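Here is the structure we will look at.
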Amino acid sequence: MIIQVDNPVLEVHDLTVSYDKNPVLWNIDFSIPKGKLVGIIGPNGAGKSTMLKSVMGLIEPQSGFVKVFDKDLDDVRQRVSYVPQRESVDWDFPASVLDVVLMGRYGRRGLFKRMTKQDKEIAMASLAKVNMEKYYNRQIAQLSGGQQQRVFIARSLAQQADLYLMDEPFAGVDASAESSILSLLQEMRAEEKTIMVVHHDLQSAYEYFDWVILLNMRLVASGPKEEVFTPKLLQETYGGKLTLLDSLSNFIRRKELPIKG
Amino acid sequence: MSFDYQIILTGALVAASCAILGCFLILRKMAMIGDAISHAVLPGIVIAFLISGSRASVPMLLGAASFGVLTTFMIEWLSKKARMQNDAAIGLVFTFLFAVGIIMLTLFADKLDLDAHCVLHGEIAFVPLDQLIINGISFGPRKAWLLGGVFLFVVSIVIIGYRALFITTFDTAYAVSIGISAVVWHYVLMALVSLVTVVSFEAVGAVLVVAFLVVPAATAYLLTDNLLKMIFIAVTVGILSSFAGYFFAKFIDGSIPGAMSTALGFFFLLSFIFSPKYGLIGKRLAKKREVFQNT
Amino acid sequence: MKELLEFLSLANANVRYVVLGVMLLGASTAVVGSFTFLRKKALVGDAIAHSVLPGICLAFMFSQYKHPLVLLIGAFISGWLSILSIDIISKKSRIKSDTAIAIVLSVFFGIGILLLTYIQSTGNAAQAGLDSFLFGQAASLIREDVMVLGAVCFLLVLTIYFFFKEFSILSFDADYATSLGLPVRFLEVILSTLTVLAIAVGIQAVGVVLMAAMLITPAAAARYWTNNLTKMIVLAALFGAFSGLFGSYISYSAPKMPTGPWIIVCITIIAFVSLAFAPERGLFFKWKRKRSKEINTLDENVLKIFFHLGEQENNMFAARKIPALQKRRYFDEKKVLQSLKRMMRAGQIEQEDNTWKLTETGLVEAKRIARIHRLWEMYMSKFLRMPADHVHEGAESLEHFFTPSMEAMLEQDLDFPETDPHDKPIPYTVKNEF
Ligand SMILES: Nc1ncnc2c1ncn2[C@@H]1O[C@H](COP(=O)(O)OP(=O)(O)O)[C@@H](O)[C@H]1O
Ligand SMILES: [Mg+2]
Chain A
3 MIIQVDNPVL EVHDLTVSYD KNPVLWNIDF SIPKGKLVGI IGPNGAGKST
53 MLKSVMGLIE PQSGFVKVFD KDLDDVRQRV SYVPQRESVD WDFPASVLDV
103 VLMGRYGRRG LFKRMTKQDK EIAMASLAKV NMEKYYNRQI AQLSGGQQQR
153 VFIARSLAQQ ADLYLMDEPF AGVDASAESS ILSLLQEMRA EEKTIMVVHH
203 DLQSAYEYFD WVILLNMRLV ASGPKEEVFT PKLLQETYGG KLTLLDSLSN
253 FIRRKELPIK G
Chain B
387 MSFDYQIILT GALVAASCAI LGCFLILRKM AMIGDAISHA VLPGIVIAFL
437 ISGSRASVPM LLGAASFGVL TTFMIEWLSK KARMQNDAAI GLVFTFLFAV
487 GIIMLTLFAD KLDLDAHCVL HGEIAFVPLD QLIINGISFG PRKAWLLGGV
537 FLFVVSIVII GYRALFITTF DTAYAVSIGI SAVVWHYVLM ALVSLVTVVS
587 FEAVGAVLVV AFLVVPAATA YLLTDNLLKM IFIAVTVGIL SSFAGYFFAK
637 FIDGSIPGAM STALGFFFLL SFIFSPKYGL IGKRLAKKRE VFQNT
Chain C
14 MKELLEFLSL ANANVRYVVL GVMLLGASTA VVGSFTFLRK KALVGDAIAH
64 SVLPGICLAF MFSQYKHPLV LLIGAFISGW LSILSIDIIS KKSRIKSDTA
114 IAIVLSVFFG IGILLLTYIQ STGNAAQAGL DSFLFGQAAS LIREDVMVLG
164 AVCFLLVLTI YFFFKEFSIL SFDADYATSL GLPVRFLEVI LSTLTVLAIA
214 VGIQAVGVVL MAAMLITPAA AARYWTNNLT KMIVLAALFG AFSGLFGSYI
264 SYSAPKMPTG PWIIVCITII AFVSLAFAPE RGLFFKWKRK RSKEINTLDE
314 NVLKIFFHLG EQENNMFAAR KIPALQKRRY FDEKKVLQSL KRMMRAGQIE
364 QEDNTWKLTE TGLVEAKRIA RIHRLWEMYM SKFLRMPADH VHEGAESLEH
414 FFTPSMEAML EQDLDFPETD PHDKPIPYTV KNEF
């Protein structure tokens, strides 16, 4: 069940990604329509984070390519925003909430030009959207997990992008924060933004998303949630890895052989 | 300026340049890479001295500094291509280069006015002996001018690249996602560290420079939650240690850089215990305050 | 040459002590260091090594006497203090462990240098030689030293022998060790104690600055040769002992030279040779493996062309010229020729004038490649859900990686399909149709 769309916001074409020659994503091929809230779902270690990273060019894919708004990523970076997993940074870093959210403006302002008053206003407005404006001066070391997550989302909002890729924004967030983040995402969708969210809870996934990507080393499904959420496909996603793929990966890694035609 | 203060000034300049870079090093969890670089530049320094005699020229110093960058390449190569675990790769590379440096030093001992002691703890006491004299007027130690120049260079690069260093240190993935090259800024930092360790070498030696890189930064890290303030505090701590260390060394008649490192250790200990937010006692007091407020 | 023989004959009693001492030392620090290496504590080892200096100086200041045992105790205490300091700093504050290591290393060493220069300035005659702790002076080892050293090394190796199983589990997987109910904390303390002791005795030959390499590098070198812990440790010990021998020879022939750096250069060169030439894990063998895979891939691709042309014309054993092969897929002319000759030697291809044709064995192999290609295409479209027009490229590269057991898996997962996604038949050979 892989539904390709016309005029996709994001097109991933035959993407194979490896760590140290060990493929963890096999020939992923899908496209995403505009203005949808998209859930990326799969078990731990399925390669969800890896997929977002390779879309953002953080990992060089072994083969395949990605088109965003029908262009190369480098031409449209301003319009794409990435929210890394919260645990990927050291929150003991000496910075304030506003410092972090202002990073969202670096892309537009460049590294060397001064931040303007407008940048600050946008940053504050982004904080307000996640109900964190009170904390703008707070040191990030003193935030709770949910607050950290909201700071990351605010930074991403400050980027004023059209496509958002968020890695587990609901992880370690309490119920009320989760619902406020969700309504924020829904608001963004209403503004025709496209938001892709890595999510691990099947229960809520059906409720939250319009479009769902099921992933476990390979793409199991991509399409409207009604069509994708079938017991068979879910069973296939969570039914474990394909042993053949595993032995192939292992063989290639053990022998440290490069794959080429 | 008396010799005393010329020496202190030299120490302070070393400490200040190191402290700035050290802040980024420890936040990037690269303190030991700093250690490795400071050891591994030794062969480069020896070659520079061999070629240009006692007064190494600026191009020579840059050549020597390239050994620092080479070290980071070698470490990366060993862990990526040869699959050596990272800590062992660091340990192997810098001990090897340092050993090569020492051997060169002993082989060419008669052609060099460097010796093994200078390697370990520098010769800051001799700095005032080499004065910059123009038209017969002495402008203070040549070394201090060099170190001052390097300090200004470090400060200006850090000011220009502040935003880039800030974001690539805090969140590399995000920085790359908005199109900032983490690799470029990584090597900018490595090059600066190499440069500073090379020019500080004669003053404080290859090993003690690590203390100047890491300890002020760590002391400041326990005192503040703002990167700019952290840098300022680190520089201040470095300068204070230069004073304290100098007089202490004079008092007991021991190595000046050794005493400066000891002083740095002392300041760190103070901050470790008494820092209001993150010190041993400070944390405990904060907890008590919280309990008090909650009841 | 004469000098070397004289040295190796160990005729001189002093030489005997030095050689024996340094080799013993190299071997036993390598044994202890193997665990330091496996537990990824190389840099902690470096910190301990630098940190023993103030201990040595203080021990000397209190005793005013350079007895090896006294200095050893001083070194031991300050080495342990450094471990504790690193632990406390990284556990009790937000400072990360790498920074804690660097702080302890540099501050302890700074204090050590301060004390050392202080002692030297007091002009105590007995202090001569304390210097040799910085870079090591194997030649300065005397009988007394070697006795202490021998005793400690014996103790080290004996303890390792006793706790060998526990230490290995701990080094490979500390969590697993906990789950087995092993006294992990206690074992860690023992292992740290051994490390400190090894360093404390080693510095006289190697010096504090380079001691870390004496612990880690032999193990890092040995790791390339084997996956077996016992073999690795024995190898590391041999490497360590050999470097010790080398170092003491240098010390003997050029007494002015500090020994430590030579020992380290020697052991590091052994490590470089290992990583280049060790079988399996060495870079040279990896490169050769890659080359032979490339050659193998080329041969398989050429065979496949014979198969495709044969399939088209319904004549598997037709004789073909090189340009005919190239028409199907571009190959470098020289490389195809080499490949054809290689396969001729393997009996897969026959030559007649300048035409080439498949043999029976060649056909079996060609069918195998084509079969895997088509099965894998089938697999990709069925399990990886790829559209039929996307699968060819992936199969083109991966068909060369299938072992017989993986092929069997492929056939079973797909239940022996008749055709591939492009409706081409899958060429089974008899032995597959069980
Ligand atoms: N930096 C890395 N180096 C090597 N392997 C990695 C790395 N990051 C992830 N992996 C492996 O890749 C697979 C996919 O990981 P990831 O994308 O993080 O999965 P997910 O986000 O779905 O939990 C896992 O098997 C993981 O072990
Ligand atoms: Mg993930």
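Residue numbers (my numbering), protein chains in the order written: chain A, 3 to 263; chain B, 387 to 681; chain C, 14 to 447.
Quick reminder that beta carbons are idealized off the backbone N, C-alpha and C, glycines included.
Only a predicted model underlies this, so the values are computations on that prediction, with no experimental measurement involved.
Can you list, in chain order, the residues of its chain with a C-beta nearer than 7 Å to that of A/D121? Leave out the 5 residues immediately preceding and following it.
What you label residue 121 of chain A is simply residue 119 of the first sequence in a count that begins at 1. The beta carbon of A/D121 sits closer than 7 Å to those of L104, R107 and R111, all from its chain and outside the five residues before and after it, given in chain order.
Indicate the three-state DSSP secondary structure (helix, strand or coil) for C/F176 in the structure shown.
Numbered from its first residue, the third sequence carries residue 176 of chain C at position 163. Residue state, collapsed to three classes: coil.
Just to confirm, is the Cβ distance from C/A88 to C/G68 under 8 Å?
Residue numbering aside, residue 88 of chain C sits at position 75 when the third sequence is read from its first letter. Residue numbering aside, residue 68 of chain C sits at position 55 when the third sequence is read from its first letter. Taking 8 Å as the Cβ cut-off, C/A88 and C/G68 qualify as a contacting pair.
If you follow the beta strand (DSSP E) that A/L165 is in, where does it begin and where does it stop?
As a position in the first sequence, residue 165 of chain A is number 163, starting the count at 1. Start and end: L165 to M168.
So, does the stretch 313 to 325 of chain C touch the stretch 522 to 534 of chain B, judging by three or more C-beta pairs under 8 Å?
Because the criterion of three Cβ pairs below 8 Å is not met, the stretch 313 to 325 of chain C and the stretch 522 to 534 of chain B do not touch.
What does the alpha-carbon distance come out to for the pair C/R333 and C/E324?
Within the third sequence, the letter at position 320 stands for residue 333 of chain C. Within the third sequence, the letter at position 311 stands for residue 324 of chain C. In a straight line, the C-alpha of C/R333 is about 14 Å away from that of C/E324.
State yes or no: is the C-beta of C/S91 within less than 8 Å of the C-beta of C/S64?
As a first step, residue 91 of chain C must be located in the third sequence, where it is residue number 78. As a first step, residue 64 of chain C must be located in the third sequence, where it is residue number 51. It is a contact, given that the beta carbons lie within the stated cut-off.
Tell me the DSSP secondary structure of A/D92 in three-state form.
Taking the first sequence and counting its residues from 1, one reaches residue 92 of chain A at position 90. Coil at A/D92, not helix or strand.
The alpha helix (DSSP H) spanning A/Y84 covers which residue range?
Along the first sequence, read from residue 1 onward, the residue named residue 84 of chain A stands at position 82. Here A/Y84 belongs to no alpha helix (DSSP H); instead the beta strand (DSSP E) covers V82 to V85.
Less than 8 Å between the beta carbons of A/V181 and A/L159, yes or no?
Position 179 of the first sequence, counted from the first residue, corresponds to residue 181 of chain A. Position 157 of the first sequence, counted from the first residue, corresponds to residue 159 of chain A. Strictly speaking, residue 181 of chain A in this sequence is Ser, with Val absent from that position. Using a Cβ distance threshold of 8 Å, A/S181 and A/L159 do not count as a contacting pair.
Is B/I520 helix, strand or coil by DSSP?
Translated into the one-based positions of the second sequence, residue 520 of chain B becomes position 134. B/I520: strand per DSSP, three-state reduction.
Please list the partners that A/F67 has in chain C, where partner means a Cβ-to-Cβ separation under 7 Å.
Residue 67 of chain A sits at position 65 when you count from the first residue of the first sequence. Neighbours of A/F67 on chain C: none; closest Cβ ~12 Å, over 7 Å.
Neighbouring residues, chain A, relative to C/R355 (Cβ below 9 Å):
To locate residue 355 of chain C, count along the third sequence from 1; it is residue 342. In chain order: nothing, as chain A lies at least about 19 Å away.
At a threshold of 7 Å, does C/Q217 count as lining ligand 2 (C-beta to nearest heavy atom)?
Counted from its first residue, the third sequence places residue 217 of chain C at position 204. No - ligand 2 has no heavy atom lying nearer than 7 Å to the Cβ of C/Q217.
Cβ-based neighbour list, B/V455, same chain, cut-off 7 Å, excluding 5 preceding and 5 following
By one-based count along the second sequence, residue 455 of chain B stands at place 69. Excluding sequence neighbours, B/V455 sits near Y573, M576, A577 and S580.
What do you get for C/A164, buried or exposed, if any count of 16 or more other CB atoms within 10 angstroms of its CB means buried?
Reading the third sequence from its first residue, position 151 is the one you call residue 164 of chain C. Exposed is the call here.
Please confirm whether C/F185 has its beta-carbon closer than 8 Å to some beta-carbon of chain B.
Here residue 185 of chain C corresponds to residue number 172 of the third sequence, with the count starting at 1. So, not an interface residue.
Verify the contact flag: A/T52, CB atom, against every heavy atom of ligand 1, threshold strictly below 7 Å.
Counting from one through the first sequence, the residue named residue 52 of chain A turns up at place 50. Under cutoff, so the answer is yes.
Does the CB of C/K306 have a neighbour CB from chain E at under 8 Å?
Absent here is chain E; the protein component of the structure consists of chains A, B and C.
On the three-pair Cβ rule with 8 Å, is the stretch 70 to 81 of chain A touching the stretch 9 to 17 of chain A?
Segments in contact, yes.
Cβ distance (whole Å) where B/L609 is taken to contact B/S661 below 8 Å:
For the purposes of this step, residue 609 of chain B is identified with residue 223 of the second sequence, where counting begins at 1. For the purposes of this step, residue 661 of chain B is identified with residue 275 of the second sequence, where counting begins at 1. Your pair B/L609 and B/S661 checks out as a contact, with CB atoms roughly 5 Å apart and the cut at 8 Å.
Reduced DSSP secondary structure (H/G/I, E/B, other) of C/D63
Taking the third sequence and counting its residues from 1, the one referred to as residue 63 of chain C is at position 50. According to the sequence provided, residue 63 of chain C is His. The question's Asp does not apply to it. The answer is helix: DSSP assigns C/H63 an H, G or I state.
Using C-beta distances below 6 Å, list every residue in its chain close to C/T49, excluding the 5 sequence neighbours before and after it, in chain order.
Position 36 of the third sequence, counting from 1, holds the residue named residue 49 of chain C. Excluding positions up to five away in sequence, the list reads G58, T208 and L228.
Using 8 Å as the limit for Cβ to Cβ distance, is A/F253 near chain B?
For this step, residue 253 of chain A is matched to residue 251 along the first sequence. With 8 Å as the cut-off, A/F253 does not count as an interface residue toward chain B.
A/Y240 - DSSP class collapsed to helix/strand/coil
Your numbering for residue 240 of chain A matches position 238 in the first sequence. Of the three classes helix, strand and coil, the one that applies to A/Y240 here is helix, per DSSP.
Say whether chain A places a C-beta atom closer than 8 Å to the C-beta of C/F396.
Reading the third sequence from its first residue, position 383 is the one you call residue 396 of chain C. It does: the Cβ of C/F396 has a partner Cβ on chain A nearer than 8 Å.
What's the C-alpha gap between C/F285 and B/L518?
In the third sequence, counting from the first residue as 1, residue 285 of chain C sits at position 272. In the second sequence, counting from the first residue as 1, residue 518 of chain B sits at position 132. Going from the Cα of C/F285 to the Cα of B/L518 covers about 45 Å.
C/R333 (DSSP reduced to helix, strand or coil):
Your numbering for residue 333 of chain C matches position 320 in the third sequence. Three-state DSSP puts C/R333 in a strand.
Please tell me whether A/M58 has its Cβ less than 8 Å away from any Cβ of chain B.
What you label residue 58 of chain A is simply residue 56 of the first sequence in a count that begins at 1. Interface residue, yes.
Per DSSP, cross-strand counterpart(s) of C/F259
On the third sequence, residue 259 of chain C is found 246 positions in, with the first residue counted as 1. C/F259 is not bridged to any residue.
Ligand 1 and A/V91: does any heavy atom of the ligand fall closer than 7 Å to the residue's C-beta?
Mapped onto the first sequence, residue 91 of chain A falls at position 89. It does not: the Cβ of A/V91 is nowhere closer than 7 Å to a heavy atom of ligand 1.
Neighbour flag for C/M422 against chain A, beta carbons, 8 Å
Locating residue 422 of chain C in the third sequence gives position 409, where the first residue counts as 1. So, interface residue.
Any C-beta of chain A under 8 Å from that of C/I102
Translated into positions along the third sequence, residue 102 of chain C becomes position 89. By this cut-off, C/I102 is not an interface position.
A/D328 touches chain C at which residues, Cβ-Cβ below 7 Å?
Only positions 3 to 263 of chain A appear in this structure, which leaves residue 328 of chain A out of reach.
Given 8 Å as the limit, is there contact between the stretch 588 to 605 of chain B and the stretch 617 to 632 of chain B, that is, 3 or more CB pairs closer than that?
yes
Which residues does DSSP list as the beta-bridge partners of C/Y237?
Locating residue 237 of chain C in the third sequence gives position 224, counting from the first residue. Beta-bridge partners of C/Y237 (DSSP): none assigned.
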